[in-house]
Amino acid sequence: MEKYDVIFIGSGHSCWHGALILKFQGKKVALVEKDLLGGTCTNYGCDAKILLDSPIELKESLDRYQNIGLAKQAEINWNQLMQYKKQYIGSMPDALNGLFTQFGFDVIRGSAKFVDAHTIDVAGKQYKADYFVIGTGQTYIPLDIPGKEYFKDSRDFLSLDNIPDHVTFVGAGIIGMEFASICLSLGKKVDIVDLAPRALNQYPERYVNYVSEKMKKEGANFLFNRHVSSLEKVKEGEYILKTSEGDEIKSNYVLVAVGRKANAEGLNLEALGIEYSARGIKVDSHLRTSVKNIYASGDVIDKSIPKLTPTAEFESNYIALDILLPAPLKRKINYPVVPNLVFTLPRIGQVGVSIEEAKKLGYRVEEVEIGKTMAWANANEVDEHITFIFNNKKELVGASMLSNRAGEYLDLLTIIINQKLKARDLSKMIFSFPTTTYGLISSLIPLMLKK
């Protein structure tokens, strides 16, 4: 029976980053994977999405220069873009396999099932380890209604050679709103149906309303406070979605994005007394399950911290160090502020204390219409807007924004918040000019000094 120091169940960001640290420290490490190497983000999620989204965001930026420098609109050839995506993203598992081989990881193919606290079974063969790390991620939640077999999910959409003329999204969360933005930019008809009273209810209402109104102008039809009751297939490429409220929506393609659940079933965790639910696996402050040599990492954890790729990588690295360090040096996991970005058009981003939390805490909230003063440097995005949150020490503790540069802004502001940088610290630095981040800092410093 093969014996390892650490076995990771999964091969995505929640696993292989920590595995790399352990391998560099001389540990014998294996990864168990039943699907493509690299996990959801690499193959079916973030990487594929940004590759497909980037030229569409660029097209929108170019369109703002119509009649002030550009004579005609840019056009997206989705089929060509998709072939490029399949070629590029499709090569990632082989590339990762080469990387893992280079670093000396063993890759065990199949589904893992715990036999006891130190043994798993994969395809009828048993493997032992001192430690296990469960990083099996999440999967989409299907709707259990008549016609459920006709629904598509995000994996299906991210492999579409051609986007149908009329697409319906069940769910106005991150996936539904991001993919709907892509469809609208390509001139497709879009319906968005949700049980909630509005889209993206975890994000600032002002910014969500802006994006929603823009999508309506582009042809989106929102149906909120609706209970989806059935999906009927008329013929190939023609469907009728019905709600309990009496709506009948004819569409060519219906995608469900109402949430995700943890991939914890099938591991035989209950035999070890490890508690889990659809929300994820219960862990302690060291990311250990109730069986202390078995950790959980990434989206499979039951947690309030945003379930994002960089969070999973952070946890993977933490677990590696928790395994390596002697007991007196071990520390509880301490999450920094986590930037959160929705890839609508424009983007919606937030980090740290939210606007709603700030109001409850009595913190100072400052709004900046940065687009109106930075149009010459921000691709003419005049509606770009940022909200800063300051505590009573004049420290930046949060920010929310509406901007296609939100990712760049968030990364810079995350550093400022985490390091508790003050106006005097930023004033000692010189930033490149003319850039949008220079404009961001120029707007921020006076507000930090404001009485």
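Anchor point for the sequence shown: position 286 equals 285 in numbering that gives the first Met the number 0, and the numbering is continuous, going up by one each time.
Ideal Cβ positions, reconstructed from N, Cα and C, are used throughout, including at glycine.
All values reported here derive from a predicted model rather than from experimental measurement.
Helix, strand or coil for residue 202, going by three-state DSSP, please let me know.
Residue 202: coil per DSSP, three-state reduction.
Going by Cα to Cα distance, which pick from 121, 446, 411 is closest to residue 267?
Selection 121, 446, 411 evaluated against residue 267 yields 121 as nearest (Cα-Cα).
Near residue 374, what residues of its chain come up, given a Cβ to Cβ distance below 6 Å and the 5 sequence neighbours on each side ignored?
381, listed in sequence order.
Nonlocal neighbours in the same chain, by C-beta distance under 6 Å from residue 252, ignoring five residues either side:
The answer, listed in chain order, is 163, 166.
Which of the three DSSP states, helix, strand or coil, is assigned to residue 317?
Here residue 317 sits in helix by DSSP.
Using the C-alpha atoms, what's the distance from residue 233 back to residue 310?
Straight-line spacing of the CA atoms in residue 310 and residue 233 works out to 43 Å.
Local Cβ density within 10 Å of residue 353, reported as buried at 16 or more and exposed below that
Under this definition residue 353 is a buried residue.
Write down the C-beta distance between residue 270 and residue 299 rounded to the nearest angstrom, noting that I regard them as a contact closer than 8 Å.
Not a contact, Cβ separation roughly 18 Å.
Can residue 254 and residue 217 be called in contact, C-beta distance under 8 Å?
Note that the C-beta distance between residue 254 and residue 217 is not below 8 Å.
Taking the alpha helix (DSSP H) that residue 156 belongs to, which residues open and close that run?
From DSSP, the alpha helix (DSSP H) with residue 156 extends over 153-156.
Where residue 139 falls: helix, strand or coil (DSSP):
In this structure, DSSP gives residue 139 an extended state, which the three-state scheme calls strand.
From residue 38 to residue 338, what does the alpha carbon distance come to, in whole angstroms?
In a straight line, the C-alpha of residue 38 is about 22 Å away from that of residue 338.
Please identify the residue among 424, 242, 376 whose C-alpha is closest to the C-alpha of residue 433.
Each of 424, 242, 376 was checked against the Cα of residue 433, and the nearest Cα belongs to 376.
Note down, in chain order, each residue of its chain lying with its Cβ closer than 7 Å to the Cβ of residue 65, except the 5 sequence neighbours on either side.
Excluding residues within five positions, the ones whose Cβ falls inside 7 Å are 72.
Using the beta-carbon count (16 or more within 10 Å), is residue 220 buried or exposed?
By the neighbour-count definition (other C-beta atoms within 10 Å, threshold 16), residue 220 is an exposed residue.
What is the DSSP secondary structure of residue 286, reduced to helix, strand or coil?
Shown here, residue 286 sits in coil according to DSSP, grouped into three states, outside any helix or strand.
Nearest to residue 387 by alpha carbon, out of 86, 333, 445, 345?
Out of 86, 333, 445, 345, the CA that lies nearest to the CA of residue 387 is found in 445.
Tell me which same chain residues have a C-beta within less than 7 Å of the C-beta of residue 84, skipping the five on either side of it?
Exclusion of the five residues before and after residue 84 leaves 47, 50, 51 as the residues of its chain whose Cβ lies within less than 7 Å of its Cβ.
Between which two residues does the beta strand (DSSP E) harbouring residue 301 extend?
Here residue 301 belongs to no beta strand (DSSP E), and DSSP marks it neither H nor E.
Determine the contact status of residue 452 and residue 288, defining contact as a CB-CB distance below 8 Å.
Examination of residue 452 is not possible in this model, given that the chain is present from 0 through 450 alone.
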